[in-house]
Structure formats: structure tokens, C-alpha cells
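If you want it as C-alpha cells, here you go:
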């Protein structure tokens, strides 16, 4: 408990209040007929006497996986909201969780990533030195605002995609649900931070993105792993690359820190995607074929969206330092897309789905840039 | 005045880093990663555990395989980065680890084990490593003449 919290509750006062309440209840009990308490529920526990111990990183979620509380089944045979290890109550109406197979959501690193997200959090309002932002030429400011508009929008899409799936993921795999909750919070922070940058330097929001990938993600209902491969590896690698280049071309410490912090968060999201999808393909080999066929479509939708000139031109202006330099900026854009393609292909290789054969030529040729 | 690179130099920076709680905030914090450092013919391993850099040691180059990733720059670039950090009390816009990584064809953060997941620790804990090197602004570094 933080010092401030400790100071706000005086133990003696609390004890006195509790004693008064108990006395008042006892006084009232003399005048009321009360049935003898049924304490049989107190015996209903699957495992009593559990004493989880803090690790060097504190009392972590993983440290609680002791005995029955650490039994993580391959199939979660329960359709209620029963926490893993809680005593089952008969007669609870089913809730219809769709994702109950462990290989459909599990990642061995999920609990650690959750702890990491909580402990490495940052605050856009106060951790970004907003006062260091200086006026930019109008063309550069407009381009930067367009980039921020799309990054902010993409972050909000991620919240909705994950949020739509959360209620479908079984309670037995709470490590994953907790991590995904932290990813949604990260996405909220990214939405907030890029919106703040767009609205803090004399510019304003730009155009909504074309949104074909966004729609594909929002409408991805076939399976969680299929959503993850598109959200965490394809879109994730693109956003990750945009953050890296955003950091590189930052005009001031505020933008530098903004992109650097978002980059860390995005790397953590991708780490879940890599771990989960590798688990999925190693426990269900059919998934590798499914992912390969799915990405044949998704990559082409992605390429089609890239043909929209708005983001491409905005990035070329940022990289070139203005409209006059946009020609050289476009070469930098192609280099960026080559970096994205390499990152994405390496990620797919890691999960056991090599993509070189079916990879769109439009992206493959950019790797030569 | 410790010389860069040396175990003594990394240990002194590590002591400053571990003692300052501000490095655990604003995007820093929990970090479990093994970072390698390669400066010309010298190699080092730095082990980050929880909130601390817990182990610093010089190793043969081949042992960089145990690192999740390693940072490799010519000696004069290391020197430039550290002087910039000293002059500005932290890296300026052109000398952050990510920016230096982007400026190299092969990148600054490399891997000897070929593990993409572990190599990405460079990005996942980037602020921690930046804080670590920024902490070097608080010591005086000696560079050898041939650097």
C-alpha cells in the first residue's frame, strides 16, 4: 500500500467504527428473529492453505499458480464465469464462451507481459514534455497531424477488436484475458497521446484512414488466432515500423518520447502475438495452413490500402522535411516499407508460417530498397 | 575515472542506474533481458532482472550468443554517443538507441542466436536501456587515445 493510502486510514479510527457497527448490530439482533447461520459454504474450496510467495518482481500473477490454481487445462470445460480454482456452483446458466481450447488463445508469456504492462506504464499527460513542441511549417504540421490522426484511429480500432473478443475468451485462461485488458489500456493511451499531439501545435485532425484493414479486423469473427495473426503480426508490424520511424524523424523531445514509449508497448503486443501463434501452430498444425491462406487475402487488402495516397504522401513530407523534399522522402518511405516487410516476414517465420512464396510482389520489391 | 569500455565503467553506470528510482518510472520498470555490448574486440554481458541491472561481466565474443541481443558500433560511434549523453545529460534527438539503430544498414541491435522474439527485447525494454546509458552522464568517462 502506498504511503498516502496508509496515512488516509487511521487503524484506530477504523477499529472503533467497526466496533460501533458490531455493537449496533448486536443491539438490533436482540429485537429480531434471525435464522441460525448456514456456514456450510466455508468448507467449499478446492484447495485451502495456499500461500503464494512474492518473487523478485513482486507477487506476480504467475506466482499464484500453485496447486489447483495453476492447473491450466487444454480445454476449459465450464461455461460460467467461475474463476480458475473456484468451487463450482450447480445451476449457473451457461454464458456461451466460444474460445475454450487452450491453443486458441494461450501464450506462455501472457502473465509476464501483463505484469510488464502494469509496471512499465507511462502517462501521456505528464511523462511527455509537451512544452518542447515548437511550431512547424504548415505542410509538415499537416502531414504530422495526418499521421497522428491515423495512428490514433488505429489504436481505437484495436480496443474494439480486442474488446469484442474478450467476452468470448474462457475464464480459465485469465492470464491471457488480463494481458489483453492491458493491451486495450495501452491502445487507449496511444489513442489519447496521438490525439494530443495532433491538437497541441496549431494543427488539427486530418482525414480518417481508408480503413479496409480496420474493417477486416473488426469483422474478423472466424477465430481469435486468425484475428491475432492479422492484428498483432500484420497491422502490428506496420504500426511498430511507423513508431520506429516516428521516433527517428521526431522534431522535438515530446515527439521523440511519444513514439519511443508507444514502440515499447507495441513490441509487447507483438510478443503476445508471436508466443500465442507459435503455440497455436505447434499444437494444431492445421493452423499454419489456415494462417497462410488467410494472409494471402489479408496481405493483398493491406497492399490495396497502401495505394491510398494520403498516409504515403504525409509520411514522404515528414521524412523529406516538407513538400519540397517529398521526393527524397518517398525513397525513405520505401525504405520504411522494406523494413516493415522484413519485420513481418520474420514474425511469420517465427510462428512457423513462412510467407515468401505467397508474399505480394508490391511488398517484396520494397525489401530491395 | 573509469575507462570505456571496461567492467568498471559498466559497473559504475549500473550502480547509478540501480540507485535511482526515477529510472523505474515513465516507461521504465520491470525488465528481464540479457544485453550484450560489443566495442571493437571487447564484449560484455549485462543482465537486467526486475528493476535492476544485476550482473555485468566481460566475456569472449562467442559468449554473446547468450545475450538476447547485443549492441555493436565502431568505437568512435560509442564515444560520440556517450559524449553526446554527457553533454546533454541524456541522449539528444540524434543519439537515442532507436535512432542509432535506424541509421545502420544492419541495425545497432543484433543477434547471434537468430531468435527474433529475443532480439525484439531491444524494442520492448528500450527505455530501460536508454535510461541505463543516460545514467552515464553522471560519471566522467575516460577514453583511450586511439579511440
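Chains as they are written, first to last, in my numbering: chain V, 15 to 383; chain Y, 2 to 148.
We treat Cβ as the ideally placed atom computed from N, Cα and C, and that holds for glycine.
query, result
"Excluding the 5 residues preceding and the 5 following residue 123 of chain V in the sequence, name in chain order all residues of the same chain whose CB lies nearer than 8 Å to its CB.", "285, 286 and 289"
"Are any of the Cβ atoms in chain Y nearer than 8 Å to that of residue 141 of chain V?", "yes"
"Quick one: grab the DSSP three-state call for residue 32 of chain Y.", "coil"
"In whole angstroms, what separates the C-alpha of residue 294 of chain V from that of residue 246 of chain V?", "14 Å"
"Which one of V/255, V/271 and V/184 has the shortest CA to CA distance from residue 147 of chain V?", "V/271"
"Opposite residue 110 of chain Y in the DSSP bridges: which residues?", "Y/72"
"Tell me, please, whether the CB atom of residue 6 of chain V is closer than 8 Å to any CB atom in chain Y?", "The structure shown has nothing for residue 6 of chain V, since chain V only spans 15 to 383."
"Do the stretch 258-268 of chain V and the stretch 184-192 of chain V touch if we need at least three Cβ pairs shorter than 8 Å?", "no"
"Using the rule of at least 16 other Cβ atoms within 10 Å of the residue's Cβ for burial, across every protein chain shown, is residue 384 of chain V buried or exposed?", "An answer regarding residue 384 of chain V cannot be provided, because it is not within the stretch 15 to 383 covered by chain V."
"Starting from residue 258 of chain V, trace the alpha helix (DSSP H) both ways and give me its first and last residue.", "250-262"
"Quick one: Cα of residue 127 of chain V to Cα of residue 126 of chain Y, how far?", "12 Å"
"Could you check which residue in Y/47, Y/31 and Y/30 has the C-alpha nearest to that of residue 38 of chain Y?", "Y/47"
"Would the beta-carbon of residue 334 of chain V fall within 8 Å of that of residue 343 of chain V?", "yes"
"For residue 93 of chain Y and residue 255 of chain V, what's the separation of their Cα atoms in angstroms?", "21 Å"
"Look at the alpha carbon of residue 366 of chain V and the alpha carbon of residue 248 of chain V, and state the distance between them as a whole number of angstroms.", "15 Å"
"Have a look at residue 203 of chain V and residue 105 of chain V and give me their C-alpha separation to the nearest angstrom.", "40 Å"
"Taking only beta-carbon positions, decide if residue 62 of chain Y is within less than 8 Å of chain V.", "no"
"Which first and last residues belong to the beta strand (DSSP E) in which residue 60 of chain Y is found?", "53-60"
"With a threshold of 8 Å between beta-carbons, can residue 285 of chain V be considered close to chain Y, or not?", "yes"
"Using only the alpha-carbon positions, how far apart do residue 56 of chain V and residue 167 of chain V sit?", "49 Å"
"For residue 44 of chain Y, which three-state DSSP category applies?", "strand"
"Where residue 278 of chain V and residue 121 of chain Y are concerned, what is the direct C-alpha to C-alpha distance, given to the nearest angstrom?", "10 Å"
"Can you tell me the Cα-Cα spacing of residue 140 of chain Y and residue 3 of chain Y, whole angstroms?", "8 Å"
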